[in-house]
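Student:
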Amino acid sequence: MLWPVIRFGITLAFIGGIGFAGLFSYIWMTLDRQGLLQIPDREPGVMILANDGSVLAEKGSFNGDEVRIADLPDYVPNAFIAIEDRRFRSHYGVDPIGVIRAIYVNTRSGRLTQGGSTLTQQLAKNLFLSPDRTVQRKLQEAVLAVWLEKHYSKDDILQLYLNRVYFGSGATGIEKAAQIYYKKSAASLTLAEAATLAGVVKAPSTTNPLSDPQAAAGRAKLVLQSMADGGFISAGEAAAAIGNPASARTSSDMPAKNFVIDWIGEQLPEFVKDYQQSLVVETTIDPALQTSAELAVAKELSAQGAKLRVSQGAMVVMDGSGAVLAMVGGKSYQKSQFNRATKAKRQPGSSFKPFVYLAALEHGLTPGSVKVDEPIKVGNWSPENYRRRYLGPVALETALALSLNTISVKLVLQVGPQAVAAVAHRLGITSPLIGDASIALGTSEVTPLELTAAFVPFSNGGYPVTAYAVTRIKTRDGRVVYERNGSGFPKAIGDNALFGMNRMMRLVVTGGTGTRAAFPGFDIAGKTGTSQDYRDAWFIGYTSDLVAGVWVGNDDNSPTNKVTGGLIPATIWREVMEPAHRGLTPRPLPGAPQVAMNTPPQVTDQQYDQGAAEEPTSPAIDAGNFFERLFGGGSRGQASSTKHTSARDRAMRDKLDEP
Numbered sequence: 000m001l002w003p004v005i006r007f008g009i010t011l012a013f014i015g016g017i018g019f020a021g022l023f024s025y026i027w028m029t030l031d032r033q034g035l036l037q038i039p040d041r042e043p044g045v046m047i048l049a050n051d052g053s054v055l056a057e058k059g060s061f062n063g064d065e066v067r068i069a070d071l072p073d074y075v076p077n078a079f080i081a082i083e084d085r086r087f088r089s090h091y092g093v094d095p096i097g098v099i100r101a102i103y104v105n106t107r108s109g110r111l112t113q114g115g116s117t118l119t120q121q122l123a124k125n126l127f128l129s130p131d132r133t134v135q136r137k138l139q140e141a142v143l144a145v146w147l148e149k150h151y152s153k154d155d156i157l158q159l160y161l162n163r164v165y166f167g168s169g170a171t172g173i174e175k176a177a178q179i180y181y182k183k184s185a186a187s188l189t190l191a192e193a194a195t196l197a198g199v200v201k202a203p204s205t206t207n208p209l210s211d212p213q214a215a216a217g218r219a220k221l222v223l224q225s226m227a228d229g230g231f232i233s234a235g236e237a238a239a240a241i242g243n244p245a246s247a248r249t250s251s252d253m254p255a256k257n258f259v260i261d262w263i264g265e266q267l268p269e270f271v272k273d274y275q276q277s278l279v280v281e282t283t284i285d286p287a288l289q290t291s292a293e294l295a296v297a298k299e300l301s302a303q304g305a306k307l308r309v310s311q312g313a314m315v316v317m318d319g320s321g322a323v324l325a326m327v328g329g330k331s332y333q334k335s336q337f338n339r340a341t342k343a344k345r346q347p348g349s350s351f352k353p354f355v356y357l358a359a360l361e362h363g364l365t366p367g368s369v370k371v372d373e374p375i376k377v378g379n380w381s382p383e384n385y386r387r388r389y390l391g392p393v394a395l396e397t398a399l400a401l402s403l404n405t406i407s408v409k410l411v412l413q414v415g416p417q418a419v420a421a422v423a424h425r426l427g428i429t430s431p432l433i434g435d436a437s438i439a440l441g442t443s444e445v446t447p448l449e450l451t452a453a454f455v456p457f458s459n460g461g462y463p464v465t466a467y468a469v470t471r472i473k474t475r476d477g478r479v480v481y482e483r484n485g486s487g488f489p490k491a492i493g494d495n496a497l498f499g500m501n502r503m504m505r506l507v508v509t510g511g512t513g514t515r516a517a518f519p520g521f522d523i524a525g526k527t528g529t530s531q532d533y534r535d536a537w538f539i540g541y542t543s544d545l546v547a548g549v550w551v552g553n554d555d556n557s558p559t560n561k562v563t564g565g566l567i568p569a570t571i572w573r574e575v576m577e578p579a580h581r582g583l584t585p586r587p588l589p590g591a592p593q594v595a596m597n598t599p600p601q602v603t604d605q606q607y608d609q610g611a612a613e614e615p616t617s618p619a620i621d622a623g624n625f626f627e628r629l630f631g632g633g634s635r636g637q638a639s640s641t642k643h644t645s646a647r648d649r650a651m652r653d654k655l656d657e658p
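Below you can see the structure in the form of structure tokens.
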């Protein structure tokens, strides 16, 4: 009586087998025509190296399969097997028992609670397919799983899986996950850490060890119990790991080096149009100097920002070739990824005046040339000095050290605004410049990077530079695809003018508005700058070895509480540059005078108290047709109101301020 039933079952199985084989063959041929039956390469990654060869950053999948199963403790892969696919070692890509169990559970619950996918099926989906939950996709997944089992060993499949699965927080692959969550390699993971990572895979967003440690610990407990049930570890080992759960380790802040990493990444398409291999990018970034700049900017803004109403800052440090050694684009990269060093265009104020004075020297004047500091009127515009006080006859070197606005305007009137703009562009300013007398007071907007680069010729003997950070790019197999070369720009400043400029800007630091930047043993020069209503404060300074520029202000362009370039910017500059010069041999700034100037420049206390005026003079005033006929276009002026103590009092105060 059972024979008809048995015969029907055999017939049904035979027909079902033929149907399954036909369906399998159809899907196989469809996949083959789509070119899916081969392991796809991982998307090329980028490794960015500092100038000492250390890794600044890794983006994407640089090393392909970062780990090998043989290099991992047994409990690491076993944690994934225990929770995801207990019969991984015995099935052939598809686990019939797991499928039947999933169908049973889903039928009883009335909803989809189990998927029944093996590790091999999950790998097939990650490698080849979209995440769509359709019957066709599940059938394709099963066919591809069988193909994987046919062509790869179990360890190969497990290794591919561990290096391709997503763990949340931007981590693809167990090596990257171990680095992000535990700051160690996957080979060094503990049992509790391995169980936590195995538990993350099912739901990276809800069991993330960083965002929800409790959910991650609960999932890890389930993994450990499954490992003990499957005989992968003992009950005692599971209990010990459950009692001492893993704790993710991460910084609460994203380092400011990400500003320079982003800047380098933005330039890569210019150097390498299309690449199929991972790249190694060699840069000029100095890790110690980068860290020093980050700490100094954050420290000073945190200490004084609220009181002085200044919320942001930027800094660039480079050498005489234009190589960027450090870059900080803001107070906190985590809160704002906008790079103020490269993208924020701000008024430089008096820090633009060196280009005015260089134009004057090139028109025959000298640092000792005398101009009368007095009220001046151009059309309807009346640029003024600090407290509307004037020094009368004054040498140019004193006028620049004290940042006298009237003298700067007189020089522009003498040489012409176009001559000043030409000098600035020749030295490296790339932004458009206003073609009228207000150029004397730095009213044209520039970025901190370009302004700092434009000061480099004063330090390197007169040669303009292009700021750069990338020196060479290689593929992962060592083939060079880009290398920086070239002889650079021709000399742009004559020796006599260079000597005069360095003499004058040295006085800015020794006795003028930039004294806070001074440190002993080195020949230092620079220029402070403050824009209208104290919206921007700058200090650009240099030695024969390094050039650095600092800007502070607010993103919304609101006024600060009378912050000038000689305060926070000069302080940050010294805090970074003084340790950066330790171990360097002091050298005088370049330039040679045609006629010896033996008298050392100096600024008296009276001159400082009466004339120091890096601050702007007066708001923009309509200069009328006369001004427009002379210089074309409108004009903008600036206003000032900061009080300074005497030079002697300042020296004593600075000594007390030293840590």
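Okay, so the sequence shown: first residue is 0 according to numbering that gives the first Met the number 0, each after it adds one. For glycine and all other residues, C-beta sits at the position ideal for the given N, C-alpha and C. Only a predicted model underlies this, so the values are computations on that prediction, with no experimental measurement involved.
Should residue 634 go down as buried or exposed, given a rule of 16 or more other Cβ atoms within 10 Å for buried?
Tutor: The residue given as residue 634 occupies position 635 in the sequence shown. Unreliable placement is indicated for residue 634, whose pLDDT of 31 sits below 50; the coordinate value is still reported in the next sentence. By the 10 Å Cβ count, residue 634 comes out buried.
Student: Return the chain-ordered list of same chain residues with a C-beta closer than 8 Å to the C-beta of residue 270, the five sequence neighbours on each side being excluded.
Tutor: In the sequence shown, counting from the first residue as 1, residue 270 sits at position 271. The answer, listed in chain order, is 469, 472, 480 and 481.
Student: Could you check which residue in 261, 311, 478 and 157 has the C-alpha nearest to that of residue 279?
Tutor: As a working note, residue 279 is residue 280 in the sequence shown. Nearest C-alpha to residue 279: 478.
Student: For residue 433, which three-state DSSP category applies?
Tutor: On the sequence shown, residue 433 is found 434 positions in, with the first residue counted as 1. Here residue 433 sits in coil by DSSP.
Student: Leaving aside the five residues before and after residue 516 along the sequence, list all residues of the same chain whose C-beta is less than 7 Å from its C-beta, in chain order.
Tutor: In the sequence shown, counting from the first residue as 1, residue 516 sits at position 517. Excluding sequence neighbours, residue 516 sits near 508, 523, 525, 538, 540, 569, 572 and 573.
Student: Is the separation between the beta-carbon of residue 308 and that of residue 560 shorter than 7 Å?
Tutor: One-based indexing of the sequence shown puts residue 308 at position 309. One-based indexing of the sequence shown puts residue 560 at position 561. In this structure, residue 560 lies closer than 7 Å to residue 308 by Cβ.
Student: With DSSP as the reference, label residue 345 as helix, strand or coil.
Tutor: Your numbering for residue 345 matches position 346 in the sequence shown. Note: residue 345 maps to strand in three-state DSSP.
Student: Name the DSSP bridge partner or partners of residue 526?
Tutor: Within the sequence shown, residue 526 is the residue found at index 527, counting from 1. In the DSSP output, where bridge partners are listed per residue, residue 526 has 539.
Student: Whose C-beta lies closer than 8 Å to the C-beta of residue 631 among residues of the same chain, with five residues either side of it excluded?
Tutor: Taking the first residue of the sequence shown as position 1, residue 631 is located at position 632. Only weak support is given to the placement of residue 631: the predicted model assigns it a pLDDT of 34, under 50, and the value that follows is read from those uncertain coordinates. If we look at residue 631 and ignore the five residues flanking it on each side, its Cβ neighbours are 434 and 435.
Student: When DSSP builds the beta bridges, which residues end up paired with residue 698?
Tutor: Here the chain covers residues 0 to 658 and nothing more, so residue 698 does not appear.
Student: Over the uninterrupted alpha helix (DSSP H) stretch that includes residue 161, give me the two end residues.
Tutor: On the sequence shown, position 162 is the one that residue 161 refers to. 153-163 is the span of the alpha helix (DSSP H), which, as asked, contains residue 161.
Student: Can you name the start and end residues of the alpha helix (DSSP H) that residue 219 belongs to?
Tutor: On the sequence shown, position 220 is the one that residue 219 refers to. First-last of the alpha helix (DSSP H) with residue 219: 212-228.
Student: Give me the Cβ distance between residue 551 and residue 562, rounded to the nearest whole Å; I'm assuming they're in contact under 8 Å.
Tutor: Counting from one through the sequence shown, the residue named residue 551 turns up at place 552. Counting from one through the sequence shown, the residue named residue 562 turns up at place 563. Contact holds; Cβ gap of about 6 Å.
Student: Cα-Cα, which of 187, 124, 400 and 382 is closest to residue 409?
Tutor: Translated into the one-based positions of the sequence shown, residue 409 becomes position 410. The shortest Cα separation from residue 409 among 187, 124, 400 and 382 belongs to 382.
Student: Which class does residue 200 belong to by DSSP, given the choice of helix, strand or coil?
Tutor: Here the question's residue 200 lines up with position 201 in the sequence shown. In this structure, residue 200 counts as coil in the three-state DSSP scheme.
Student: Would you kindly check if the distance between the Cβ of residue 277 and the Cβ of residue 589 is under 7 Å?
Tutor: Counting from one through the sequence shown, the residue named residue 589 turns up at place 590. Counting from one through the sequence shown, the residue named residue 277 turns up at place 278. No, these two residues do not count as a Cβ contact at 7 Å.
Student: Per DSSP, residue 171 forms a beta bridge with which residues?
Tutor: Position 172 of the sequence shown, counted from the start, is the residue given in the question as residue 171. In the DSSP output, where bridge partners are listed per residue, residue 171 has 165.
Student: For residue 462, report the span of its alpha helix (DSSP H) as first-last.
Tutor: For the purposes of this step, residue 462 is taken as the residue at position 463 of the sequence shown. Careful: residue 462 lies outside any alpha helix (DSSP H) and carries neither H nor E.
Student: What are the residues that DSSP puts in a beta bridge with residue 46?
Tutor: The sequence position of residue 46 within the sequence shown is 47, counting from 1. Its beta-bridge partners are 57 and 279.
Student: For residue 262, count neighbouring C-beta atoms within 10 Å of its own C-beta (all shown protein chains included) and say buried if the count is 16 or more, exposed if not.
Tutor: Position 263 of the sequence shown, counting from 1, holds the residue named residue 262. Residue 262 comes out buried.
Student: Quick check: the Cα distance between residue 439 and residue 405, rounded to an integer number of angstroms?
Tutor: As a first step, residue 439 is located in the sequence shown; it is residue number 440 there, counting from the start. As a first step, residue 405 is located in the sequence shown; it is residue number 406 there, counting from the start. Roughly 9 Å separates the two Cα atoms.
Student: Relative to the C-alpha of residue 460, which candidate in 240, 71, 264 and 318 has its C-alpha closest?
Tutor: Within the sequence shown, numbered from 1, the residue matching residue 460 stands at position 461. It is 318.
Student: State the start and end residues of the unbroken beta strand (DSSP E) segment that holds residue 471.
Tutor: Taking the sequence shown and counting its residues from 1, the one referred to as residue 471 is at position 472. Counting along the chain, the beta strand (DSSP E) containing residue 471 begins and ends at 469-474.
Student: To the nearest angstrom, how far is it from the Cα of residue 349 to the Cα of residue 530?
Tutor: Position 350 of the sequence shown, counting from 1, holds the residue named residue 349. Position 531 of the sequence shown, counting from 1, holds the residue named residue 530. For residue 349 and residue 530, the distance between alpha carbons rounds to 7 Å.
Student: Assuming residue 261 is part of the beta strand (DSSP E), what are its boundary residues?
Tutor: As a working mapping, residue 261 is identified with position 262 in the sequence shown. Per DSSP, residue 261 belongs to no beta strand (DSSP E); it is in the alpha helix (DSSP H), 256-270.
Student: Do we get a CB-CB distance below 7 Å when we pair residue 223 with the residues of chain C?
Tutor: No chain C is present in this structure, which holds just one protein chain.
Student: Do you know how far the Cα of residue 447 is from the Cα of residue 407?
Tutor: In the sequence shown, residue 407 corresponds to position 408, counting from 1. In the sequence shown, residue 447 corresponds to position 448, counting from 1. The alpha-carbon atoms of residue 407 and residue 447 are separated by roughly 22 Å.
Student: For residue 369 versus residue 394, is the C-beta spacing smaller than 7 Å?
Tutor: The residue you call residue 369 lines up with position 370 of the sequence shown. The residue you call residue 394 lines up with position 395 of the sequence shown. Contact flag set, yes.
Student: Use the C-beta contact count for residue 275: other C-beta atoms within 10 angstroms, 16 or more gives buried, fewer gives exposed.
Tutor: Residue 275 sits at position 276 when you count from the first residue of the sequence shown. Exposed, because fewer than 16 other Cβ atoms sit within 10 Å of the Cβ of residue 275.
Student: So, with DSSP's three-state summary, where would you put residue 392?
Tutor: Counting from one through the sequence shown, the residue named residue 392 turns up at place 393. Here residue 392 sits in strand by DSSP.
Student: Can you tell me whether residue 437 is buried or exposed? The criterion is at least 16 other CB atoms within 10 Å of its CB, across all chains shown.
Tutor: Taking the sequence shown and counting its residues from 1, the one referred to as residue 437 is at position 438. Label assigned to residue 437: buried.
Student: Find out if the Cβ-Cβ distance for the pair residue 120, residue 144 is shorter than 7 Å.
Tutor: Along the sequence shown, one-based indexing puts residue 120 at 121. Along the sequence shown, one-based indexing puts residue 144 at 145. Going by C-beta atoms, residue 120 is nearer than 7 Å to residue 144.
Student: Can you tell me where the beta strand (DSSP E) with residue 517 in it begins and where it stops?
Tutor: By 1-based counting over the sequence shown, the position of residue 517 is 518. Unbroken run through residue 517: none, as it is neither H nor E.
Student: Measuring CA to CA, which of 78, 416 and 536 is closest to residue 312?
Tutor: In the sequence shown, the residue the question calls residue 312 occupies position 313. Selected option, being the one with the closest Cα: 536.
Student: With a threshold of 16 other CB atoms inside 10 Å of the CB of residue 676, please say whether the residue is buried or exposed.
Tutor: The structure shown has nothing for residue 676, since the chain only spans 0 to 658.
Student: Can you find the residues in the same chain that come closer than 7 Å, C-beta to C-beta, to residue 76, ignoring five residues on each side of it along the sequence?
Tutor: For the purposes of this step, residue 76 is taken as the residue at position 77 of the sequence shown. Hits under 7 Å: 68, 157 and 161.
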